[in-house]
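Protein chains in written order, with my numbering: chain A, 1 to 112; chain B, 1001 to 1113. Even glycine gets a Cβ: it sits at the ideal position worked out from N, Cα and C. Everything below concerns the one structure shown next.
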């Protein structure tokens, strides 16, 4: 099955700086890669996603890039704010389309 | 639309007991999946149901089971609870099949003592 690795596990940045989280996956047939943000005690919420026919997608301060050849995708957050502090999970959809494999999460702290 | 609703939100059980968790998907969503979240293992896939049929199952022992009803509501059951079953159990729903976003509920926090 699919294997997703995520780095770093923790990340601290100064407010206003950029944050980058990287994930790799093993199944070259995977086609859909969502990112979730989970605040303490709350549900994971989708923040952005990308499909294999697209190399980059941007939504305001958040962007995701995908390199299918290298089998890795990254989350970029620019102009970070304290409310960006949370745990971020990357995921890759199984080729059956019925399940997702998640990375182990990155705890992002934005220091005011 | 109302989001994914899970009940109960918190529960404490004793080793050896069994527990049933419930999930109501977003209206119109027919796929329901379950994940176990623990600090050490992250989010682990348990199983997925679509139109009352289990389409996929993760690598969990047979003590973990589930079902889906005709109204798409789903339940999962864990029998003979072990301390290691303490976790946040998340239900997620999506509209149909591949490439569709899954939306999570708030989860059910299970503590086994």
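Next item on the list: Measure the C-alpha to C-alpha separation of residue 1058(B) and residue 17(A) and round it to an integer number of angstroms.
Entry: By one-based count along the second chain, residue 1058(B) stands at place 58. By one-based count along the first chain, residue 17(A) stands at place 17. Rounded to the nearest angstrom, the two C-alpha atoms are 39 Å apart.
Margin query: Short of 7 Å Cβ to Cβ, which residues in the stretch 46-58 of chain A face chain B?
Written below: 46, 49 and 51
Notebook entry, point to check: Does the stretch 1086-1094 of chain B come within contact of the stretch 73-91 of chain A, defined as at least 3 CB pairs closer than 8 Å?
Noted result: no
Next item on the list: Write down the C-beta distance between residue 1003(B) and residue 1105(B) rounded to the nearest angstrom, noting that I regard them as a contact closer than 8 Å.
Entry: Looking up residue 1003(B) in the second chain gives position 3. Looking up residue 1105(B) in the second chain gives position 105. Residue 1003(B) to residue 1105(B), Cβ: 7 Å. Contact.
Margin query: Among the candidates 72(A), 42(A), 43(A) and 41(A), whose CA atom is the shortest distance from the CA of residue 56(A)?
Written below: Position 56 of the first chain holds residue 56(A). Of the listed residues, the one whose Cα sits closest to residue 56(A) is 72(A).
Note to self: My output table needs one value for residue 103(A): the three-state DSSP class, helix, strand or coil.
What the structure shows: For the purposes of this step, residue 103(A) is taken as the residue at position 103 of the first chain. Coil at residue 103(A), not helix or strand.
Check: Does residue 73(A) get closer than 8 Å to chain B when you measure Cβ to Cβ?
Finding: Start at 1 with the first residue of the first chain, and residue 73(A) comes out as number 73. Chain B, which has no Cβ nearer than 8 Å to the Cβ of residue 73(A), makes this no.
Checklist line | Partner residues on chain A for residue 1060(B), Cβ-Cβ distance less than 7 Å | finding: Your numbering for residue 1060(B) matches position 60 in the second chain. Within chain A, no C-beta atom comes less than 7 Å from the C-beta of residue 1060(B); the nearest is roughly 12 Å away.
Item checked: Near-chain B residues of the stretch 25-43 of chain A - C-beta to any C-beta below 8 Å -> Residues passing the 8 Å Cβ filter: 31, 32, 34, 36, 42 and 43.
Check: Helix, strand or coil: which one does DSSP assign to residue 83(A)?
Finding: Here residue 83(A) is taken as the residue at index 83 of the first chain, counted from 1. Residue state, collapsed to three classes: helix.
Notebook entry, point to check: Are the CB atoms of residue 33(A) and residue 92(A) nearer to each other than 8 Å?
Noted result: The residue you call residue 33(A) lines up with position 33 of the first chain. The residue you call residue 92(A) lines up with position 92 of the first chain. A contact, by the Cβ cut-off of 8 Å.
Notebook entry, point to check: Taking C-alpha atoms, which residue in 1113(B), 1103(B) and 1071(B) lies nearest to residue 1053(B)?
Noted result: Counting from 1 along the second chain, the entry for residue 1053(B) is found at position 53. Sorting 1113(B), 1103(B) and 1071(B) by C-alpha distance to the C-alpha of residue 1053(B) places 1071(B) at the top.
Check: Just curious, the beta strand (DSSP E) that residue 49(A) is in, first and last residue?
Finding: Locating residue 49(A) in the first chain gives position 49, where the first residue counts as 1. Looking at the DSSP string, the run of the beta strand (DSSP E) that includes residue 49(A) is 45-51.
Note to self: Under 8 Å, with one C-beta from each stretch per pair, do the stretch 22-40 of chain A and the stretch 2-13 of chain A reach the 3-pair mark?
What the structure shows: yes
Notebook entry, point to check: Which value, in whole angstroms, describes the spacing of the CA atoms of residue 49(A) and residue 1067(B)?
Noted result: As a working mapping, residue 49(A) is identified with position 49 in the first chain. As a working mapping, residue 1067(B) is identified with position 67 in the second chain. Between residue 49(A) and residue 1067(B), the C-alpha separation is close to 29 Å.
Item checked: Residue nearest to residue 1062(B) in terms of C-alpha spacing, selected from 1051(B), 1047(B), 1029(B) and 1010(B) -> For the purposes of this step, residue 1062(B) is taken as residue 62 along the second chain, with counting starting at 1. Residue 1047(B) is the option with its Cα nearest to residue 1062(B).
Item checked: Buried/exposed call for residue 59(A), threshold 16 Cβ in 10 Å -> Along the first chain, read from residue 1 onward, the residue named residue 59(A) stands at position 59. When all chains shown are included, residue 59(A) counts as exposed.
Item checked: Member of 1030(B), 1040(B) and 1078(B) whose CA lies at the smallest distance from the CA of residue 1064(B) -> For the purposes of this step, residue 1064(B) is identified with residue 64 of the second chain, where counting begins at 1. Residue 1064(B) has its Cα closest to that of 1078(B), out of 1030(B), 1040(B) and 1078(B).
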